[in-house]
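Novice: If you read the sequence shown in our numbering, its first letter stands for residue -10, the second for the next number, and so on.
Next up is a structure, given as structure tokens.
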Amino acid sequence: MSDRPTPYNSKNTDAISNQNLETRNLKSMSGLNYEQGSLFSEATQRNRLHDSSSIYTMGSQSLQTWKQAIAKYQNAITKAIPVRQTSLFDLPSNHCDPHAIDPFKLPIQPAEFYRLPNADSGDACIYFVIDFTKPELPVLLYIGETCRSHQRWKGVHDCKRYVLNYRELHTTHNLPTQVVMTFWWDAPSATRPRQQLERTLIEKWRSPFNKENWNFWGTPFVN
């Protein structure tokens, strides 16, 4: 799949209704096929445009429609997560079962976690970038993996730019955001199994900032 983002088209976005988005993304939910704080200063956010080459800026209603469709899809996934009964004699074949991970129930960390003092580079994990503005209907924006949890976000990271664009647009429309992160610390230390777990979670949750899901939600925050 190409990393090249699809251009944002205002006419297409304004024409998409809640019903259309939900139909496109929820039509296979009956089977649930799973095989398939602030990062930046307020001044910086106000000074940057989410797409300086674009004449059109995503409207407030379009933005909220986009978020609601994603949140409703992910909420349906959350309700399908199995409740497991375990016993002393149960030996799970895979302690990293992706279908038992609920990103929204993990301990919340600030988006600036990487700025906190730490003695080492951190541990292997799967991390989730979430907008918790509405706790009853949060939006999982991005899923990533790393073997150095305290180092991964200190440098250049595409998701930082997407989050910046996302927050700027909310500021433009006087809409609140609460972007936070959660971490799954039982991720495999070996790279390939950890990346496979990440891919499965990305396919399952359809997080919009991951390039694998751009065909579902478009790329209004990628430039």
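Where is the CB? At the ideal position from N, CA and C, for every residue including glycine.
This one's a predicted model, so the numbers in the text were calculated from it and none came from an experiment.
Exposed or buried, what is residue 69 when buried is set at 16 or more other beta-carbons lying within 10 Å of its beta-carbon?
Specialist: With fewer than 16 other Cβ atoms within 10 Å, it is exposed.
Novice: If I follow the unbroken alpha helix (DSSP H) through residue 130, where does it start and stop?
Specialist: From DSSP, residue 130 is part of no alpha helix (DSSP H) but of the beta strand (DSSP E) over 128 to 135.
Novice: Can you name, in chain order, every residue of its own chain whose Cβ lies under 7 Å from the Cβ of residue 161, other than the five neighbours on each side?
Specialist: Excluding positions up to five away in sequence, the list reads 46.
Novice: Can you tell which of 61, 204 and 129 has its C-alpha closest to the C-alpha of residue 170?
Specialist: The option with the nearest alpha carbon to residue 170 is 129.
Novice: If you reduce the DSSP assignment to three classes, tell me which class residue 198 lands in.
Specialist: Of the three classes helix, strand and coil, the one that applies to residue 198 here is coil, per DSSP.
Novice: Tell me whether residue 174 sits in a helix, a strand or coil according to DSSP, three-state version.
Specialist: Residue state, collapsed to three classes: coil.
Novice: Short of 6 Å in beta carbon distance, which residues of its chain neighbour residue 127, apart from the five on each side in sequence? Order them along the chain.
Specialist: Same-chain partners within the cutoff: 93, 119 and 121.
Novice: I need the boundaries of the beta strand (DSSP E) containing residue 98, first residue and last residue.
Specialist: That run of the beta strand (DSSP E) goes 97 to 99.
Novice: Rounded to whole angstroms, what's the CA-CA distance from residue 214 to residue 124? Just pull it up for me.
Specialist: Residue numbering for the chain in the displayed model covers -10 to 212; residue 214 lies beyond these limits and cannot be assessed.
Novice: Determine the contact status of residue 131 and residue 148, defining contact as a CB-CB distance below 7 Å.
Specialist: Yes, they are a contact pair.
Novice: Does the beta-carbon distance from residue 172 to residue 116 come in below 7 Å?
Specialist: Going by C-beta atoms, residue 172 is nearer than 7 Å to residue 116.
Novice: Rounding to the nearest angstrom, what Cα-Cα distance links residue 198 and residue 95 in this structure?
Specialist: Distance between the alpha carbons of residue 198 and residue 95 is about 20 Å.
Novice: Out of 182, 186 and 211, which has the shortest C-alpha to C-alpha gap to residue 157?
Specialist: Nearest C-alpha to residue 157: 211.
Novice: Compute the distance between the beta-carbons of residue 87 and residue 186, then report whether it is under 7 Å.
Specialist: The answer is yes: Cβ separation under 7 Å.
Novice: With DSSP run on the structure shown, which of helix, strand or coil describes residue 119?
Specialist: Strand at residue 119.
Novice: Determine the contact status of residue 183 and residue 134, defining contact as a CB-CB distance below 7 Å.
Specialist: Yes, Cβ-Cβ distance for residue 183 and residue 134 is below 7 Å.
Novice: Start and end of the alpha helix (DSSP H) containing residue 147?
Specialist: Where residue 147 is concerned, the enclosing alpha helix (DSSP H) stretches over 147 to 161.
Novice: Keeping to the same chain, check which residues put their C-beta closer than 8 Å to that of residue 177; ignore five residues upstream and five downstream.
Specialist: The residues are 85, 113, 183 and 186.
Novice: Quick one: give me the first and last residue of the alpha helix (DSSP H) that residue 60 is part of.
Specialist: Per DSSP, residue 60 belongs to the alpha helix (DSSP H) from 49 to 69.
Novice: Just to confirm, are residue 168 and residue 100 a CB contact at a threshold of 7 Å?
Specialist: Yes, the pair counts as a contact, with Cβ atoms nearer than the cut-off.
Novice: Pull up the distance between the alpha-carbon of residue 192 and that of residue 98, whole angstroms please.
Specialist: Cα-Cα distance, rounded: 24 Å.
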